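Here the structure comes first, spelled out in structure tokens, and everything after it is commentary.
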Amino acid sequence: MLEALLKFGGYRVDRFFKAEPSGEEFALYLCSCQQTNGNYCLAAKHQLQYGLAQIHAHDQLKNLAGIYIDINLPEQLNRPAYLELKRDLRQGKFQHVLVLEDELIIGNCDVERDWQALAAEISGLKFFTFERGEWTSIVMQQHLAFDIAG
Numbered sequence: 209m210l211e212a213l214l215k216f217g218g219y220r221v222d223r224f225f226k227a228e229p230s231g232e233e234f235a236l237y238l239c240s241c242q243q244t245n246g247n248y249c250l251a252a253k254h255q256l257q258y259g260l261a262q263i264h265a266h267d268q269l270k271n272l273a274g275i276y277i278d279i280n281l282p283e284q285l286n287r288p289a290y291l292e293l294k295r296d297l298r299q300g301k302f303q304h305v306l307v308l309e310d311e312l313i314i315g316n317c318d319v320e321r322d323w324q325a326l327a328a329e330i331s332g333l334k335f336f337t338f339e340r341g342e343w344t345s346i347v348m349q350q351h352l353a354f355d356i357a358g
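For this note's numbering, count along the sequence shown from 1 and bump the result up by 208.
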């Protein structure tokens with residue numbers, strides 16, 4: 209999995225779908241673009257290790273449906289693992305997404321609108337992160353667009 213972390217634009221998707229889903233399945237989504245140590249992205253490696261450690265500590269490995277990693281800018285909507293994640297969500301493989309940095313969901317209007325459009329399509333779609341070692345829901349605000357004439 210770590211070879212995906214070698215270059216900007218790299219990605220990796222690993223799926224662990226069950227034959228009979230329980231409804232508790234979730235995906236871990238990571239996106240980092242901090243390049244250090246030559247071309248190697250240490251931030252993504254640390255996020256992956258931390259995320260898996262937290263999932264294990266909360267006894268949730270049994271519900272992990274997939275790991276989606278992009279080495280890219282979070283505001284880029286055409287990230288390969290992000291697109292795969294959205295496809296799997298639309299196919300009903302899981303309804304919950306764990307992100308370690310809520311900036312992947314909120315903070316950028318284009319990204320937030322993209323997630324809101326997906327949430328409108330998928331009933332029960334929820335986003336989570338870890339806050340002080342606890343699973344915490346991420347709440348998206350509705351962004352209103354106003355046309356100003358003339």
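Beta carbons are placed, not taken as given, at the ideal position from N, Cα and C, and that holds for glycine.
Quick caveat: nothing in here was measured; it's all calculated off a predicted structure.
Look at the Cβ atom of residue i, then the Cβ atom of residue j, and state whether they are nearer than 8 Å.
| i | j | result |
| --- | --- | --- |
| arginine 295 | glutamate 329 | no |
| alanine 235 | alanine 273 | yes |
| glutamine 255 | leucine 238 | yes |
| lysine 215 | isoleucine 263 | no |
| threonine 337 | leucine 308 | yes |
Name the DSSP beta bridge partners of residue i, please?
| i | result |
| --- | --- |
| valine 305 | Ala235, Phe335 |
| arginine 223 | Gly274 |
| glutamate 292 | None, per the DSSP bridge assignment. |
| serine 240 | Ile279 |
| glutamate 342 | Glu339 |
Locate the beta strand (DSSP E) running through residue i, then write down its first and last residues.
| i | result |
| --- | --- |
| alanine 273 | 272-279 |
Nearest CA to the CA of residue i: which residue from the options?
| i | options | result |
| --- | --- | --- |
| tyrosine 276 | Pro229, Phe224, Ser331, Val319 | Phe224 |
| asparagine 271 | Leu293, Trp323, Leu281, His304 | His304 |
| valine 319 | Leu285, Cys241, Gly259, Glu292 | Leu285 |
Between which two residues does the alpha helix (DSSP H) containing residue i stretch?
| i | result |
| --- | --- |
| glutamate 329 | 317-329 |
| histidine 266 | Histidine 266 -> no alpha helix (DSSP H), and no H or E assigned at all. |
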